[in-house]
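Below: the structure, in structure tokens.
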Amino acid sequence: MSAKKVLVVGGTGYLGQHLLQGFSEIQGIIPYDLAFTYNSFPPQPLLDAFPGSLAFHVDLKTGAGFRPISQQFGQPDVVVNCAALSVPRACEKDPDAAASINVPTSLVNWLSSFTQNDNNTLLIHLSTDQVYEGVKSFYKEEDEALPVNVYGKSKVAAERFIAEKWTNFAILRSSIIFGPQTVSPVPKSLPIQWIDGVLSKGDKVEFFYDEYRCPVYVKDVVAVIRALIEKWLLEGKKMQLLLNVGGPDRVSRVQMAEAVAQIRGHDSSLIKPVSASSVDRGVMSPADISMDITKLVQTLNISPTPFKDGVKLTLAAEASLCV
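346 is the number that our numbering gives the last residue of the sequence shown; the numbers go up by one with no jumps.
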């Protein structure tokens with residue numbers, strides 16, 4: 024099988040870098056040619072780590088930067104869109120920026136510019152569990168999307184835009200993604216590393232006992248995306264798929280902290296349970312957006328890593344970096 028062109032949009036972000044690493048490390052039955060886009064900072068560490076990949080500067084707000092991809096890389100077989108304004112507070116402050124970045128208008132317009140659209144590019148788009156209202160446990164894909172904040176609303180708008188404008192897609196509603204640090208360290212704090220860091224200082228820290236998520240190990244998300252691509256290529260027909268992508272465990276922030284404390288031997292009395300309603304974060308946050316992942320498991324025959332096992336893998340990887 025000839026090499027398939029994969030473009031990772033938002034390749035310098037957390038998931039984007041793990042995707043580049045995953046595609047570079049594992050050459051399965053299908054070889055890949057890789058390219059990625061970046062916006063905020065130069066990708067030199069990634070080009071050093073993945074010398075076979077191409078990097079393109081793209082501004083998703085304006086669409087500037089797509090033409091060089093057409094000229095140098097050509098029409099991609101697969102686009103994985105990881106780019107987003109994903110901090111809910113930032114979206115709340117600037118709804119226009121959230122809409123212009125999170126709804127992939129310029130990306131889909133660019134893909135539509137290719138005339139060879141008989142079996143058009145597969146667009147894999149990362150959405151979020153924050154499309155759900157958060158008033159019950161284990162949301163299914165067919166449950167109504169009623170987001171409580173601007174971030175969730177922009178992601179619902181993106182899902183609808185893709186479904187209307189593109190015929191070959193997979194939309195992945197991801198929960199909190201956690202795992203090891205990236206090749207080129209990302210500026211945002213990573214959840215498990217942050218919890219480990221604050222507990223290791225020996226100070227009491229507040230964690231919400233009444234906000235539930237299904238955190239997903241980053242390498243599982245990479246495996247899901249690879250499996251989707253292989254399924255599409257082997258079946259040879261267009262895909263129109265919506266999947267919840269979470270881990271198998273519904274956990275509160277307190278339970279997340281307790282798992283880190285247990286594995287690392289921190290004093291669990293440092294974990295102070297508080298209600299999410301007691302803190303003003305400048306943005307509404309859904310209480311329980313745990314997700315039913317039955318469809319994911321059945322569609323791709325993938326069983327995501329249990330939360331505690333993912334935490335162990337994450338902390339072990341961090342420890343190996345410090346040696």
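In this text, a Cβ means the ideal position worked out from N, Cα and C, and glycines have one as well.
Small disclaimer: the values here were computed from a predicted structure and weren't measured.
Just grab the DSSP bridge partners of residue i for me.
{"i": "N132", "result": "N132 pairs with nothing; no bridge assigned."}
{"i": "I294", "result": "V228"}
{"i": "S47", "result": "According to DSSP, which records beta bridges pairwise, S47 is partnered with nothing at all."}
{"i": "A58", "result": "L30 and L77"}
{"i": "V154", "result": "Answer is none; V154 lacks a bridge partner."}
{"i": "D311", "result": "V158 and Y235"}
Residue i: which of the options sits nearest, CA to CA?
{"i": "S135", "options": "P238, V29, I185 and N125", "result": "I185"}
{"i": "S93", "options": "V206, L319 and K28", "result": "K28"}
{"i": "Y174", "options": "L42, L293, A107 and L266", "result": "A107"}
{"i": "P329", "options": "A342, S292, M307 and A282", "result": "A282"}
{"i": "P65", "options": "P91, V31, A78 and N267", "result": "A78"}
{"i": "F46", "options": "I248, S292 and D315", "result": "I248"}
{"i": "A58", "options": "E48, G97, P68 and A87", "result": "G97"}
{"i": "W255", "options": "L43, P91, V101 and W189", "result": "V101"}
{"i": "P91", "options": "T60, E156, G75 and P74", "result": "T60"}
{"i": "K331", "options": "M262, A284, E341 and I312", "result": "A284"}
{"i": "D219", "options": "I286, A168, W189 and E167", "result": "I286"}
{"i": "E115", "options": "K178, N132 and K318", "result": "K178"}
{"i": "I325", "options": "V245, E229, S123 and P309", "result": "V245"}
{"i": "L293", "options": "N267, V277, R304 and A299", "result": "V277"}
{"i": "L338", "options": "R273, L257, S223 and D303", "result": "S223"}
{"i": "E164", "options": "Q153, L323 and K318", "result": "K318"}
{"i": "Y235", "options": "K176, L149, V110 and Q153", "result": "Q153"}
{"i": "C105", "options": "D272, L213 and P127", "result": "P127"}
{"i": "L195", "options": "T322, S150 and P68", "result": "S150"}
{"i": "S198", "options": "A250, L266 and V221", "result": "L266"}
{"i": "G36", "options": "G88, S109 and I53", "result": "S109"}
{"i": "Y155", "options": "L146, L145, E167 and I147", "result": "E167"}
{"i": "V308", "options": "V320, G333, V158 and Q321", "result": "Reading the sequence as shown, one finds Ser at residue 308 and not Val. Per the Cα distances, V158."}
{"i": "N132", "options": "Q95, G88, I53 and W217", "result": "G88"}
{"i": "A113", "options": "V306, G39, S313 and R273", "result": "V306"}
{"i": "K242", "options": "E253, D233 and G270", "result": "G270"}
{"i": "Y162", "options": "G202, F192 and I312", "result": "I312"}
{"i": "F192", "options": "V171, S160, I252 and I200", "result": "I252"}
{"i": "A280", "options": "V31, A122, H41 and P238", "result": "P238"}
{"i": "P327", "options": "G202, D226, A180 and Q216", "result": "G202"}
{"i": "I200", "options": "L30, V32, Q40 and V31", "result": "Q40"}
With a 10 Å radius around its C-beta and 16 neighbouring C-beta atoms as the bar for buried, classify residue i as buried or exposed.
{"i": "D290", "result": "exposed"}
{"i": "L83", "result": "buried"}
{"i": "H80", "result": "exposed"}
{"i": "V103", "result": "buried"}
{"i": "S25", "result": "exposed"}
{"i": "Q44", "result": "buried"}
{"i": "N125", "result": "buried"}
{"i": "E182", "result": "buried"}
{"i": "D119", "result": "exposed"}
{"i": "G288", "result": "exposed"}
{"i": "Q321", "result": "exposed"}
{"i": "A347", "result": "Any answer about residue 347 is impossible in this case: the structure gives the chain only from 24 up to 346."}
{"i": "Q95", "result": "exposed"}
{"i": "V302", "result": "exposed"}
{"i": "R273", "result": "buried"}
{"i": "G33", "result": "buried"}
{"i": "L257", "result": "exposed"}
{"i": "P342", "result": "A quick correction: the sequence has Ala, not Pro, at residue 342. With fewer than 16 other Cβ atoms within 10 Å, it is exposed."}
For the alpha helix (DSSP H) containing residue i, name the first residue and the last one.
{"i": "Q285", "result": "R276 to R287"}
{"i": "S150", "result": "Unbroken run through S150 is the beta strand (DSSP E), L145 to T151; no alpha helix (DSSP H)."}
{"i": "L323", "result": "T317 to L323"}
{"i": "N125", "result": "P118 to N125"}
{"i": "W255", "result": "V241 to E258"}
{"i": "K188", "result": "V173 to K188"}
{"i": "P68", "result": "Q67 to A72"}
Assuming residue i is part of the beta strand (DSSP E), what are its boundary residues?
{"i": "V268", "result": "Q263 to V268"}
Does any residue of chain C bring its CB to less than 8 Å from the CB of residue i?
{"i": "I124", "result": "Judged by its chain identifiers, the structure shown contains no chain C, having just a single protein chain."}
> Enumerated in chain order, which unbroken segments of the alpha helix (DSSP H) with a length of 4 residues or greater are wholly contained in the region 192-237?
Replying inline: 214-223
> What runs of the alpha helix (DSSP H), each 4 residues or longer, lie entirely inside the region 74-104?
Replying inline: 89-95
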